[in-house]
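Chains as they are written, first to last, in the numbering used here: chain A, 1 to 298; chain B, 1001 to 1492.
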Amino acid sequence: MLRSIVCALVLVGLLGPAKAEHMGSGEHIRFGLTAVVVRENLRFLDQWAEYLGDKMGRPVEFIRRRSYREVMDMLDSGALDFAWICGFPYVQKREPEFLKLLAVPIYKGEPLYHSYIIVHADSPYRSLDDLRGKVFAYSDPESNSGFLYPQYLLTKRGEKSETYFHQTFFTFNHAETIEAVAEQVADGGAVDSYIWEYISATMPSITNKTRIIRRSPTFGFPPLVSRVGINEDLEEHMRAVLTEMHADPEGRPFLSGLKLDEFRVLPPALFDNIREMADRVRSVQPSLAKATKDDKGG
Amino acid sequence: MSLLRLRSWNLSVKFALTITAVVAGVAFTIGAAIVAQDWHRFRVELEERALLLAQSVAVTAPVDILRTDYWGLYKSLKRMSKRASSRVVDTRVLTAMILDTKGNILAHLQPAAQPLGHRFVPANELERKLFEDAQAARTSTVLSGGGGEDGFLEGVVPVLSDEKVLGVVRVRLSTYGLFVKTQRSAYVVLGLTFAMVVFGSLLGAFVSRRMTKPLTAMTEGMEAVSRGELFNIAPVPVTDDDELGRLASTFNKMAVAMAEKSMLEEQMAVSEKLIALGRITAGVAHEVNNPLAGLLNCIDTLKKHPDDPELINRYLPLLDKGLHRIGDIVQGLLVELRVEEATETSDPSCLEELKGLVEAEINGRAITFIWENNLGEDVRINAKRVQQIVHNLLKNAAQVLPDGGTMSFRSFQEGDSMTLVVDDDGPGIPLEHRSQLFDPFFTTKATGTGLGLWIVYRLVQSMRGVIKVESEVGQGTCFQVTLPSGDLENRS
């Protein structure tokens, strides 16, 4: 409750100047990032923003927010032009729709990823059944892999998170969910397979303390979106820059830094199974996160 | 026993030990005070740090608690713990936790042991007590427990939101660093104390040697005095003008004075001997001369009247008596000389011989004679001299006693001395005679030579004994001779 109020306050603070700045050419292109992006390295993001700015002929600024909700609100309000979000917020029903699919990252040859249910490596837990009455860590209430998928699993069993687990909490970051499980603050957690693999490759000492007890079916990889109402040339220009990055020697290092193959334009149907899951969960749990304006207050 | 031994220790040792003890005591006391103060200061610092760390968490906690952001609470504990351990000063966060008002865990640094959302489980009685105290805390408090390596203190700060208590933050810091630090300074203090002890004992030894040197010299001097070697006393060196210096110089003066006195005494003894000799000579001359004049007169008269039988009858007994008197005097002096030179020792049974002699002296008169010789067989006495003393005293008693009188001889040992007592219930000695009692040739008897008691006196004196007379006219007389027993030969 209080969190929503705090978010709203942040929003009010951002709205004014952002809209004023949006007028006229030569202004910054605002690109929102969420916990989907693993790189915490500010220098990397600065260099990537500089690269994109060079290609776009206008400065690009990455704006990072803790939760998906904040980024979605900023998109809705026009404070952002583009954003890298998750499949779950993308498939939410919005009246009117303010998002358009810009591009989908290709990871290990496919635009797909999984949700991993992880536990501590030393724990005896083998399945979600063993986690009943335990502490469970979610990433973000609007994350597909970090929240929707485990909700879906519970719904299929006719359970609810609040009663199934003894305690749950949000880390708002996949990397921190892994950390929470590794440090045994949580007995189990749900994370993005891409982030888990990334950390496993860069900091194996953390993921070595965790064990995957369930892999979800494949889902569409967290997509890059643009705001409805944005200049169509700008949108096309950005799409072109992103989808050609893998062919550009200057752009490749950024993709390899993110451990991605390329950005590709793909049909929205890629995210249909996420929508189906969300519908199924919402049928028993109407309060499930909805990124619509009228939902904001509660 | 050990106390006795302690008392017989040298003054120089005792003095050095005292200085050492005082130095060690002072060093240790000051050191201990510093250590205690250090410990207290470090502890206060650590308490402040624990409170600050707990407060840093408690400030941000209300928002996270209201949002049920347990991950955020846990991270704030982690950050705090990291911040604490990255400090230069050794601060180890043993544990930290955030509990709600019911005692449920909102965050704990050891989540595996104390899982989130469960009630906090105290591991033991101490933990239970701390838990209750922390839950009851409404203001920032410091709790403590354990000791040594396991010692800790805890900053307890309640989490408040608009004066409503949401929970409590507990940050437990190890006091082991404090303990180690204090231990280290305690070792330094002990080391310093030891160094002070070494220094103090060296100083003490030096000072006491300096101070007791004149005392040692004086003691040696005194021992020489007690041995009678008055001329062998080396002067004590006088270095300082303090009490000891003055004592040393006084001692030196005394030694010189004693040597002079002893010399004078020797001279006096020589002259006394000469005087005595003179007196004897004069006495002999006088005693011999008196009858001699009468005898010569008699002989002159007989020469003039050789045929007068009446004169012969009258003068011959006089001549006989006069010559016998002279003979007695000479005999007495000879006895004195002979006996005084006697060195032969014997057991006390030799005194028994006297019994017959005294009985002969009594000669059948009605006198009671009691003999009581209590000297042990092992006592050695100078037979001739003691015999002479006892015989003379008994002879005197027998002579003065009237019929029906009683006389007794008694001897006994007492410590290092033996006592010979001759008692009678005779007429006693008139007061006016007492001062001349032991003078040679002083006699109240018509036929006496006046040498008997003089001989007794001389013999007693030669044996370094004491003679005592108690007498009352009409009641009797008691002579008591006390002689040092043991090796009498060397004492003559």
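Think of the CB as a built atom: it goes at the ideal place given N, C-alpha and C, for glycine as much as any other residue.
Cβ-based neighbour list, residue i, same chain, cut-off 6 Å, excluding 5 preceding and 5 following
i                        : result
proline 63 (chain A)     : It should be pointed out that residue 63 (chain A) corresponds to isoleucine in this sequence rather than to proline. Arg30 and Gly32.
isoleucine 212 (chain A) : Tyr116 and Ile118
serine 1262 (chain B)    : Leu1230
proline 17 (chain A)     : Any reading at proline 17 (chain A) is ruled out, since the residue's pLDDT is 40, under 50, leaving its predicted position unreliable.
alanine 182 (chain A)    : Ile206, Lys209 and Thr210
Residue i to residue j span [Cα, whole Å]
i                            : j                         : result
isoleucine 1467 (chain B)    : alanine 1234 (chain B)    : 38 Å
alanine 1021 (chain B)       : lysine 1102 (chain B)     : 59 Å
valine 1157 (chain B)        : glutamate 159 (chain A)   : 39 Å
valine 1270 (chain B)        : valine 1225 (chain B)     : 22 Å
threonine 1175 (chain B)     : alanine 1054 (chain B)    : 16 Å
lysine 134 (chain A)         : proline 124 (chain A)     : 12 Å
phenylalanine 1438 (chain B) : valine 1460 (chain B)     : 12 Å
alanine 1113 (chain B)       : lysine 1129 (chain B)     : 19 Å
glutamate 1220 (chain B)     : valine 1236 (chain B)     : 10 Å
isoleucine 300 (chain A)     : alanine 49 (chain A)      : Missing from the structure shown is residue 300 (chain A); chain A here goes from 1 to 298 and no further.
valine 1188 (chain B)        : alanine 190 (chain A)     : 57 Å
arginine 1365 (chain B)      : glutamate 1272 (chain B)  : 42 Å
arginine 282 (chain A)       : proline 268 (chain A)     : 21 Å
proline 1306 (chain B)       : alanine 1285 (chain B)    : 29 Å
aspartate 1308 (chain B)     : leucine 1295 (chain B)    : 17 Å
glutamate 197 (chain A)      : proline 105 (chain A)     : 15 Å
histidine 166 (chain A)      : arginine 132 (chain A)    : 8 Å
lysine 1164 (chain B)        : leucine 1173 (chain B)    : 27 Å
isoleucine 1326 (chain B)    : leucine 1453 (chain B)    : 18 Å
leucine 1126 (chain B)       : isoleucine 1030 (chain B) : 35 Å
leucine 1073 (chain B)       : leucine 1109 (chain B)    : 10 Å
serine 205 (chain A)         : tyrosine 107 (chain A)    : 23 Å
lysine 1078 (chain B)        : threonine 1139 (chain B)  : 23 Å
Identity of the residue in the options nearest residue i by Cα
i                            : options                                       : result
asparagine 1290 (chain B)    : B:Thr1239, B:Leu1202, B:Phe1441 and B:Leu1106 : B:Phe1441
alanine 1248 (chain B)       : B:Val1238, B:Ala1257, B:Leu1099 and B:Val1013 : B:Val1238
lysine 1014 (chain B)        : B:Asp1133, B:Val1188 and B:Gly1204            : B:Gly1204
leucine 1153 (chain B)       : B:Gly1145, B:Leu1160 and B:Asp1308            : B:Gly1145
threonine 1444 (chain B)     : B:Phe1199, B:Ile1381, B:Val1400 and B:Phe1251 : B:Val1400
phenylalanine 170 (chain A)  : B:Trp1071, B:Leu1302, B:Asp1424 and B:Thr1018 : B:Trp1071
phenylalanine 1028 (chain B) : B:Met1196, B:Glu1149, B:Thr1018 and B:Gly1148 : B:Met1196
isoleucine 1065 (chain B)    : B:Ser1161, B:Phe1206 and B:Arg1464            : B:Ser1161
glutamine 1183 (chain B)     : B:Gly1147, B:Gly1294 and B:Glu1163            : B:Gly1147
glutamate 232 (chain A)      : A:Arg65, A:Cys86, A:Leu102 and A:Arg69        : A:Leu102
glycine 188 (chain A)        : A:Ile178, A:Trp196 and A:Arg264               : A:Ile178
phenylalanine 1194 (chain B) : B:Gly1025, B:Glu1310 and B:Ala1050            : B:Gly1025
glutamate 244 (chain A)      : A:Tyr152, A:Leu234, A:Ser226 and A:Arg264     : A:Arg264
serine 67 (chain A)          : A:Phe147, A:Met56 and A:Gln167                : A:Phe147
phenylalanine 1369 (chain B) : B:Lys1395, B:Leu1052, B:Lys1164 and B:Asp1307 : B:Lys1395
serine 145 (chain A)         : A:Asp46, A:Pro223, A:Val185 and A:Ser193      : A:Ser193
asparagine 273 (chain A)     : A:Ala186, A:Phe254, A:Tyr113 and A:His166     : A:Tyr113
arginine 275 (chain A)       : A:Glu142, A:Ser77, A:Ala180 and A:Glu70       : A:Glu142
isoleucine 195 (chain A)     : A:Glu250, A:Leu266, A:Glu176 and A:Gly251     : A:Glu176
aspartate 1242 (chain B)     : B:Ala1282, B:Ser1435, B:Glu1132 and B:Met1211 : B:Met1211
alanine 79 (chain A)         : A:Ser226, A:Leu42 and A:Ala137                : A:Ser226
asparagine 1373 (chain B)    : B:Ser1485, B:Val1288 and B:Phe1409            : B:Phe1409
threonine 1250 (chain B)     : B:Glu1472, B:Leu1178, B:Met1222 and B:Ile1275 : B:Met1222
isoleucine 1280 (chain B)    : B:Pro1317, B:Leu1292 and B:Glu1336            : B:Glu1336
leucine 1483 (chain B)       : B:Asp1424, B:Leu1420 and B:Phe1179            : B:Leu1420
Proximal chain A residues relative to residue i, where beta-carbon distance stays under 7 Å
i                       : result
tyrosine 1074 (chain B) : Val185
proline 1115 (chain B)  : Val135
Own chain residues within Cβ distance below 8 Å of residue i, not counting five before or after
i                         : result
methionine 1268 (chain B) : none
methionine 23 (chain A)   : Residue placement at methionine 23 (chain A) is poorly supported in this model, since its pLDDT is 39, which falls under 50; the coordinates still yield a value, given next. Excluding positions up to five away in sequence, the list is empty.
isoleucine 1105 (chain B) : Met1097, Ile1098, Leu1099, Gln1114, Pro1115, Leu1116, Gly1117, His1118, Arg1119 and Phe1120
serine 25 (chain A)       : Confidence is the limiting factor: at serine 25 (chain A) the pLDDT is only 48, short of 50, which leaves the residue's position unreliable, though a coordinate-based value still follows. Cβ within range, chain order: Arg58.
glutamate 61 (chain A)    : His28, Ile29, Arg30, Phe31 and Ala49
Chain B residues whose Cβ lies nearer than 7 Å to that of residue i
i                       : result
histidine 166 (chain A) : Gly1117
Contacts of residue i in chain A (Cβ-Cβ under 9 Å)
i                      : result
proline 1111 (chain B) : Val135, Ala180, Glu183, Gln184, Val185 and Ala186
Within chain A, partners of residue i - CB distance below 8 Å
i                        : result
threonine 1494 (chain B) : Since the first residue of chain B shown is 1001 and the last is 1492, residue 1494 (chain B) is not available in this structure.
Proximal chain B residues relative to residue i, where beta-carbon distance stays under 9 Å
i                       : result
glutamate 176 (chain A) : Trp1071 and Lys1075
Touching or not, the region 123–136 of chain A and the region 88–104 of chain A, by the rule of three or more beta carbon pairs under 8 Å?
Short answer: they don't touch.
Inter-stretch contact (C-beta, 8 Å, three-pair minimum) for the region 1032–1039 of chain B and the region 1159–1168 of chain B:
Short answer: they don't touch.
Touch test, the region 1336–1350 of chain B against the region 1423–1437 of chain B, Cβ-Cβ under 8 Å, three pairs minimum
No, because fewer than three Cβ pairs between the region 1336–1350 of chain B and the region 1423–1437 of chain B fall closer than 8 Å, the two stretches do not touch.
Are there three or more Cβ pairs, one per stretch, closer than 8 Å when the region 1449–1456 of chain B is compared with the region 1375–1382 of chain B?
The answer is no - the region 1375–1382 of chain B does not touch the region 1449–1456 of chain B, with fewer than three Cβ pairs under 8 Å.
Could you say if the region 1043–1050 of chain B and the region 149–164 of chain A meet the contact criterion of at least three C-beta pairs nearer than 8 Å?
Touching, no.
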